[in-house]
Amino acid sequence: MLIFGTAGVPISAEDEFKAVDVLRKLNLGAMELEFVKGVYMKEDYAKKLKEYGEDIIFSAHAPHYINLNANEEEKVENSIRRIIKTAKVLNNCGKNLVFHPGYYLKRSKEVTYNRIKSNIQRILDKLEALNLNVMLRPETTGKTTQFGDIDETLKLCFELNILPCIDFSHIYARSRGVINDYNSFYKILEKVENVLGKEAIKDMHIHLSGIEYGKGGERRHLPLNESNFNYRDVLKALKDFDASGTVICESPMLEYDAVLLMKCYNEL
1 MLIFGTAGVP ISAEDEFKAV DVLRKLNLGA MELEFVKGVY MKEDYAKKLK EYGEDIIFSA
61 HAPHYINLNA NEEEKVENSI RRIIKTAKVL NNCGKNLVFH PGYYLKRSKE VTYNRIKSNI
121 QRILDKLEAL NLNVMLRPET TGKTTQFGDI DETLKLCFEL NILPCIDFSH IYARSRGVIN
181 DYNSFYKILE KVENVLGKEA IKDMHIHLSG IEYGKGGERR HLPLNESNFN YRDVLKALKD
241 FDASGTVICE SPMLEYDAVL LMKCYNEL
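Just so you know, we're using full-length UniProt numbering here: the sequence shown kicks off at 1 and counts up by one.
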């Protein structure tokens, strides 16, 4: 079974506590804490939020200012610090920590992969030392300049024993609209299962949104029905594959499109 929720505080809520009330009213069961511009939340606040929203699945998105393949060592160290800071907050209210690993810059895919893998291992070692029980989830990314196509993401997860965040909208945008039908989406789920096992299908973390793309892939997120992205076929593939986990709606319409996704899924 899939639990649907929002990327951040719903439009109709003023803060995270009010967000819980809105989610309950709409029968949504998840919220991703969006730390994309910085980790603004204190650990005590996260603990109280979990107590108040004990029936809500909380996850977190680390800041966008992360590049584990940066040329400057200082940028790499700052990226690691931001992920650890996210983990310290999330450890009080949830488990899944989503992040964009980095950019290729002028390096080959192989060199980029190895550098990013090495730096994620450093993060995993720090998480263990700090006794932080979170799951790092590198996200499939939407721009061709970004590390994070489906194959390298799954390989990375397999080798590091972590799980991915599968953003179907990003995969669609990265392919410039080629991956946009039931069979294509179903094949992605087959890849996840073949590389990471059935357990990964039973514990998915998914992003969905309308999206606009150009020659380089993703441009911006859109409301679901203002995009050509075929979210209905994604939901059908997920249902037929018997996938479980969390679906986070990143549409600008947040809770409205999250409800649309939930209703569409339930009607299949």
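From the three backbone atoms N, C-alpha and C, an ideal C-beta is built for every residue, glycine too.
Item	Value
Would residue 205 and residue 96 be called neighbours here (beta carbons separated by less than 7 Å)?	yes
Report the start-end ranges of each alpha helix (DSSP H) in the region 112-164 that is 4 residues or longer and not cut off at the edges.	150-160
Thinking C-beta only, is residue 57 closer than 7 Å to residue 11?	no
Throw me the rounded Cβ distance for the residue 17 and residue 52 pair, which I believe falls under 8 Å.	6 Å
Restricting to Cα atoms, I'd like to know which of 213, 150, 158 is closest to residue 140.	150
Find out if the Cβ-Cβ distance for the pair residue 169, residue 208 is shorter than 7 Å.	yes
Counting only the same chain and skipping the five closest in sequence on each side, list residues whose C-beta sits under 7 Å from that of residue 38.	63
When DSSP builds the beta bridges, which residues end up paired with residue 249?	6, 208
How is residue 176 classed by DSSP in three states: helix, strand or coil?	coil
Could you tell me the boundaries of the alpha helix (DSSP H) in which residue 96 lies?	Careful: residue 96 lies outside any alpha helix (DSSP H), inside the beta strand (DSSP E) at 94-99.
What is the rounded straight-line gap between the Cα of residue 147 and the Cα of residue 261?	28 Å
Report the rounded CA-to-CA distance for residue 35 versus residue 67, giving the unit in angstroms.	15 Å
Less than 7 Å separating the beta-carbons of residue 137 and residue 93?	no
Alpha carbon to alpha carbon, how far is residue 250 from residue 7?	5 Å
Using only alpha-carbon positions, find the residue among 135, 182, 183 that is nearest to residue 121.	135
Cα separation between residue 179 and residue 44?	42 Å
Tell me which residues share the same chain as residue 33 and place their Cβ nearer than 6 Å to its Cβ, disregarding the 5 neighbours each side in the sequence.	60
Express the C-alpha separation of residue 13 and residue 227 in angstroms, rounding to a whole number.	25 Å
Have a look at 215, 5, 99, 224 and flag the residue whose alpha-carbon is nearest the alpha-carbon of residue 123.	99
So, is residue 273 buried or exposed, given that buried needs 16 or more other C-beta atoms within 10 angstroms?	This structure gives no information on residue 273, because the portion of the chain shown stretches from 1 to 268.
Relative to the alpha-carbon of residue 50, which residue among 89, 153, 127 has its alpha-carbon at the smallest distance?	89
Please state the DSSP three-state secondary structure of residue 186.	helix
Can you have a look at residue 145 and say buried or exposed, based on whether 16 or more other CB atoms are within 10 angstroms of its CB?	exposed
Buried or exposed for residue 244, going by 16 or more other Cβ atoms inside 10 Å?	exposed
On the DSSP letters alone, give me the boundaries of the beta strand (DSSP E) that residue 34 sits inside.	30-34
Quick check: what's the CA-CA separation for residue 91 versus residue 230?	34 Å
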